[in-house]
Amino acid sequence: MQIPAISVDDYISKIPEERQEIFKKLFDTIDDNLPEGFKQGVSYGMVGWDVPLEIYPSGYHCTPGTPLPFMGLASQKKLYCVIPYGNIFQA
Numbered sequence: 039m040q041i042p043a044i045s046v047d048d049y050i051s052k053i054p055e056e057r058q059e060i061f062k063k064l065f066d067t068i069d070d071n072l073p074e075g076f077k078q079g080v081s082y083g084m085v086g087w088d089v090p091l092e093i094y095p096s097g098y099h100c101t102p103g104t105p106l107p108f109m110g111l112a113s114q115k116k117l118y119c120v121i122p123y124g125n126i127f128q129a
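Using my numbering, count along the sequence shown one by one with no gaps and you end on 129.
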């Protein structure tokens, strides 16, 4: 279930009200503990964080020149999903 949204706040506002508090706590916990410089936004129908090109110039291997997706957070019908996209430090 994707939630069409243009910002993190827009995404959260579209989650059922009874799920928003827990989602916000998950979001804040992840956001507060990521290294400085990671960018948050909405992509793939969920909230996510990217590693900007200033930190990781190689970018996303499937689309060079775009920031590397790092982690996603989604609210589904009956669960919350935390999705790590993989090891960005592979050789």
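Heads up, the beta-carbon is just placed ideally off N, CA and C, and yes, glycines get one too.
According to DSSP, residues forming a beta bridge with residue i
i: G36; result: Since the first residue of the chain shown is 39 and the last is 129, residue 36 is not available in this structure.
i: C100; result: Answer is none; C100 lacks a bridge partner.
i: A112; result: C119
i: P107; result: D88
Same chain only: Cβ atoms within 8 Å of residue i, ignoring 5 sequence neighbours per side
i: F108; result: L72, F76, G86, W87, D88, V89, P122, Y123 and I126
i: E55; result: none
i: L64; result: L111, Y118 and V120
i: I60; result: Y118
i: E74; result: none
Residue of the options minimising C-alpha distance to residue i
i: V80; options: D66, P42 and V120; result: P42
i: V131; options: T67, K52 and E59; result: The chain is shown only over 39 to 129; residue 131 falls outside these bounds and no answer can be derived.
Supposed close pair residue i, residue j - CB separation, criterion 8 Å
i: G110; j: Q40; result: With 8 Å as the limit, G110 and Q40 do not qualify as a contact, their Cβ atoms being about 11 Å apart.
i: Q78; j: D69; result: 6 Å
Cβ shell of residue i (< 7 Å), same chain only, five flanking positions each side left out
i: K62; result: I50
i: L91; result: G97 and P105
Any non-hydrogen atom of the ligand MN closer than 7 Å to residue i Cβ
i: I121; result: Inclusion of the ligand MN in the displayed structure is not the case, the ligand content being empty and no account of it being possible.
Same chain only: Cβ atoms within 6 Å of residue i, ignoring 5 sequence neighbours per side
i: R57; result: S113
i: I53; result: F61 and S113
Q | Three or more C-beta pairs below 8 Å linking the region 97–104 and the region 46–64 | A | Taking a cut-off of 8 Å on C-beta distances, the region 97–104 does not touch the region 46–64, as fewer than three cross pairs fall below it.
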